[in-house]
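Visitor: Structure in structure tokens, see below.
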Amino acid sequence: MFDIKWIRENADAFDQALARRGYEASSAKLIALDESRRSHITKLQEAQERRNAASKEIGKAKGAGDDARAQELIDEVAQIKAFIQNGEEEERRLVADLESAMAVIPNLPLEDVPAGADEADNVLLKTHGEKPVFTFNEKPKEHFELGEDLGDMDFARAANLSGSRFVVLKGQIARLERALGQFMIDLHTQENGYTEVSPPLLVNSDPLYGTGQLPKFEEDLFKTTTDHYLIPTAEVPLTNLVAGEIVAEDQLPLRVTALTYCFRSEAGSAGRDTRGMLRQHQFQKCELVSVTRPEDSLDELERMLGCAEMVLQKLELHYRVMTLCTGDMGFGARKTYDIEVWLPGQDTYREISSCSVCGDFQARRMNARYRPAEAKQTVHVHTLNGSGIAVGRALIAVLENYQNGDGTISVPEVLRPYMGGLEKIG
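Structure representation (structure tokens):
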């Protein structure tokens, strides 16, 4: 979240940064809640001091034979004790009120993030490669048409099993999906310096609070009857590996990756991307997470972006990179790059990766710190996360960009070792 002391000292800057994200000014409310908390703590401290003093006076009164005065003091101490006990509960409530108010406020954007309301205001950073040129005359097919024609992509049976926004992949397309995931995790661990992690797919509420999904976005999550949640992204368990810890400075930057299934309820997306695999309740993603010193986090963001781009470059897919505007960034981000891959079947670009720097926003929620060399005080780490990349959307991109006029799909050269040397499917 935020340092309330910083907010008190920089109230205008805090409100202006929120305004850039389309949020109303909040500093006055937060400062008022903090003032109530601090005032109450002062009263408790004064009561504690008076209780200690009165306790000493009881002994003096008894020693002087003044039993009446001693009894008055005993009664006073009893009243103060009751006030302190009730006051400690009130202090917890006031602290909770302040934390709850801050927990739903998004991170503050960096100054170089373009201002804007939604994706229409995102700014093109760069493009890579060229759109494919097809030799056949027909309009390129969308991925679900290609998959259904091959008989290896079945939405009807998935709907019978689980409902909408699921798919059953079979045969060579299932193998192609598996090849993509293995290629990504191998690339990031063998060439990009990430350590592979196999995390739990079920977490309790604390990790989700730490990374910012709770409490504001609970409707986007799948919750079990045991109060566990299915992870919406491996960012949640990977980032929380350092929750509550003081990381040794020589361990930073910490870079971890995981290839996992992810689960999202897609609340609020009714009617959007209902055909095909673009927006599923269950999908695979290769996640990248970095934990760094504050002074290194912006360079790490550029590095992470390069690692995600490398996946598409090796797959020889055309893409562009967008700098997200203030109104389109995720809740916990200070700056985000989106990689959008070209899909000829849709004749448009679609997001396939987001790479974000969160500053100390998540670290404060998780209480994740490190101790700089020769420093007495600990410092909150900075966290970053990115898709390296979404496997299902990579599958869509390969199917649409590598389609042939006869309905077959050429296998990208980098994936052929994972496909037993197969050059085409179908």
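Numbered according to this note's numbering, the sequence shown spans residues 122 to 547.
Ideal Cβ positions, reconstructed from N, Cα and C, are used throughout, including at glycine.
So, with DSSP's three-state summary, where would you put residue 490?
Guide: Here residue 490 is taken as the residue at index 369 of the sequence shown, counted from 1. Note: residue 490 maps to strand in three-state DSSP.
Visitor: Please name the residue in 487, 458, 481 whose C-alpha comes closest to that of residue 247.
Guide: On the sequence shown, position 126 is the one that residue 247 refers to. Measuring from the Cα of residue 247, the nearest candidate turns out to be 458.
Visitor: Skipping 5 residues on each side, what residues in its chain have a beta carbon closer than 6 Å to that of residue 242?
Guide: Position 121 of the sequence shown, counted from the start, is the residue given in the question as residue 242. Excluding residues within five positions, the ones whose Cβ falls inside 6 Å are 446.
Visitor: Answer with buried or exposed for residue 228, where buried requires no fewer than 16 other C-beta atoms within 10 angstroms of its C-beta.
Guide: For the purposes of this step, residue 228 is identified with residue 107 of the sequence shown, where counting begins at 1. Burial call: buried.
Visitor: May I ask which residues mark the beginning and end of the alpha helix (DSSP H) holding residue 213?
Guide: On the sequence shown, position 92 is the one that residue 213 refers to. Looking at the DSSP string, the run of the alpha helix (DSSP H) that includes residue 213 is 188-224.
Visitor: Go ahead and label residue 416 buried or exposed: buried means 16 or more other beta carbons lie within 10 angstroms of its beta carbon, across all protein chains shown.
Guide: For this step, residue 416 is matched to residue 295 along the sequence shown. Looking at its Cβ environment, which holds fewer than 16 other Cβ atoms inside 10 Å, residue 416 is exposed.
Visitor: Pair every Cβ in the region 147-165 with every Cβ in the region 212-227, then say whether three or more of these pairs are closer than 8 Å.
Guide: These segments touch.
Visitor: Tell me whether the beta-carbon of residue 477 lies closer than 8 Å to the beta-carbon of residue 433.
Guide: One-based indexing of the sequence shown puts residue 477 at position 356. One-based indexing of the sequence shown puts residue 433 at position 312. Result no, Cβ atoms of residue 477 and residue 433 do not sit closer than 8 Å.
Visitor: Within 10 angstroms of its Cβ, does residue 173 collect 16 or more other Cβ (buried), or is it exposed?
Guide: Your numbering for residue 173 matches position 52 in the sequence shown. Answer is exposed; the Cβ neighbour count stays below 16.
Visitor: Are the CB atoms of residue 264 and residue 460 nearer to each other than 8 Å?
Guide: Taking the first residue of the sequence shown as 1, we reach residue 264 at position 143. Taking the first residue of the sequence shown as 1, we reach residue 460 at position 339. Cβ atoms of residue 264 and residue 460: not closer than 8 Å.
Visitor: What residue does the alpha helix (DSSP H) around residue 356 start on, and which one ends it?
Guide: By 1-based counting over the sequence shown, the position of residue 356 is 235. Element bounds for residue 356: 356-360.
Visitor: With 16 as the cutoff for other CB atoms within 10 Å, does residue 519 come out buried or exposed?
Guide: Within the sequence shown, numbered from 1, the residue matching residue 519 stands at position 398. With 16 or more other Cβ atoms within 10 Å, it is buried.
Visitor: For residue 324, does the three-state DSSP call read helix, strand or coil?
Guide: For the purposes of this step, residue 324 is identified with residue 203 of the sequence shown, where counting begins at 1. Three-state DSSP puts residue 324 in a strand.
Visitor: Which runs of the beta strand (DSSP E) at least 3 residues long sit entirely within the region 406-484? Give them in chain order.
Guide: Listed in chain order, they are 440-444, 456-464, 469-478.
Visitor: Going by DSSP in three states, residue 144 sits in which element: helix, strand or coil?
Guide: On the sequence shown, position 23 is the one that residue 144 refers to. It is coil, neither helix nor strand.
Visitor: Between which two residues does the beta strand (DSSP E) containing residue 508 stretch?
Guide: Walking along the sequence shown from the start, residue 508 turns up at place 387. 503-511 is the extent of the beta strand (DSSP E) around residue 508.
Visitor: State the Cα-Cα distance for the pair residue 484 and residue 379, rounded to the nearest angstrom.
Guide: Sequence index remark: in the sequence shown, residue 484 carries index 363 (1-based). Sequence index remark: in the sequence shown, residue 379 carries index 258 (1-based). Taking the straight line from one Cα to the other gives about 20 Å.
Visitor: For the alpha helix (DSSP H) that residue 310 lies in, which residues bound it at each end?
Guide: Taking the sequence shown and counting its residues from 1, the one referred to as residue 310 is at position 189. Counting along the chain, the alpha helix (DSSP H) containing residue 310 begins and ends at 292-311.
Visitor: Can you check whether the CB of residue 453 is closer than 8 Å to the CB of residue 428?
Guide: Walking along the sequence shown from the start, residue 428 turns up at place 307. Walking along the sequence shown from the start, residue 453 turns up at place 332. No, the Cβ-Cβ distance between residue 428 and residue 453 is not below 8 Å.
Visitor: Just the C-alpha distance for residue 537 and residue 308, rounded to the nearest angstrom, thanks.
Guide: Taking the sequence shown and counting its residues from 1, the one referred to as residue 537 is at position 416. Taking the sequence shown and counting its residues from 1, the one referred to as residue 308 is at position 187. Approximately 15 Å between the Cα atoms of the pair.
Visitor: At a cut of 8 Å, does the region 295-314 reach the region 325-337 through at least three beta carbon pairs?
Guide: Output reads no: the region 325-337 does not touch the region 295-314.
Visitor: Just to confirm the assignment, what range does the alpha helix (DSSP H) spanning residue 126 have?
Guide: If you number the sequence shown from 1, residue 126 lands on position 5. 125-130 is the span of the alpha helix (DSSP H), which, as asked, contains residue 126.
Visitor: With a Cβ-Cβ cutoff of 8 Å, do residue 509 and residue 407 count as a contact?
Guide: For the purposes of this step, residue 509 is taken as the residue at position 388 of the sequence shown. For the purposes of this step, residue 407 is taken as the residue at position 286 of the sequence shown. It is a contact, given that the beta carbons lie within the stated cut-off.
Visitor: My output table needs one value for residue 364: the three-state DSSP class, helix, strand or coil.
Guide: On the sequence shown, position 243 is the one that residue 364 refers to. Three-state result, residue 364: coil.
Visitor: Quick one: does residue 353 have its CB under 8 Å from some CB of chain D?
Guide: Among the chains of the structure shown, chain D does not appear; only one protein chain is present.
Visitor: So which of 254, 144, 513, 128 has the shortest CA-CA distance to residue 465?
Guide: Taking the first residue of the sequence shown as 1, we reach residue 465 at position 344. Checked all of 254, 144, 513, 128; the closest Cα to residue 465 is 254.
Visitor: What are the boundary residues of the alpha helix (DSSP H) that includes residue 271?
Guide: The residue labelled residue 271 in the question sits at position 150 within the sequence shown. Element bounds for residue 271: 264-271.
Visitor: When the Cα atoms are used, what is the spatial distance from residue 444 to residue 511?
Guide: Here residue 444 refers to the residue found at position 323 when the sequence shown is read from its first residue. Here residue 511 refers to the residue found at position 390 when the sequence shown is read from its first residue. Roughly 19 Å between the two C-alpha positions.
Visitor: Would you check if the region 392-411 and the region 348-363 touch, i.e. whether three or more CB-CB distances between them fall below 8 Å?
Guide: Yes, they touch.
Visitor: For residue 177, which option in 163, 336, 166, 192 has the closest C-alpha, if you only look at C-alpha atoms?
Guide: Counting from 1 along the sequence shown, the entry for residue 177 is found at position 56. Closest option to residue 177, Cα to Cα, is 192.
Visitor: From the DSSP output, which residues share a beta bridge with residue 249?
Guide: Your numbering for residue 249 matches position 128 in the sequence shown. Residue 249 pairs with 440.
Visitor: Would you identify the three-state DSSP class for residue 315, choosing helix, strand or coil?
Guide: Taking the first residue of the sequence shown as 1, we reach residue 315 at position 194. Coil, per DSSP.
Visitor: Please identify the residue among 182, 532, 271 whose C-alpha is closest to the C-alpha of residue 194.
Guide: In the sequence shown, residue 194 corresponds to position 73, counting from 1. Ranking 182, 532, 271 by Cα distance to residue 194 puts 182 first.
Visitor: How long is the line joining the alpha carbons of residue 546 and residue 272, rounded to whole angstroms?
Guide: Within the sequence shown, numbered from 1, the residue matching residue 546 stands at position 425. Within the sequence shown, numbered from 1, the residue matching residue 272 stands at position 151. In a straight line, the C-alpha of residue 546 is about 12 Å away from that of residue 272.
Visitor: DSSP three-state call for residue 163: helix, strand or coil?
Guide: Locating residue 163 in the sequence shown gives position 42, counting from the first residue. Note: residue 163 maps to helix in three-state DSSP.
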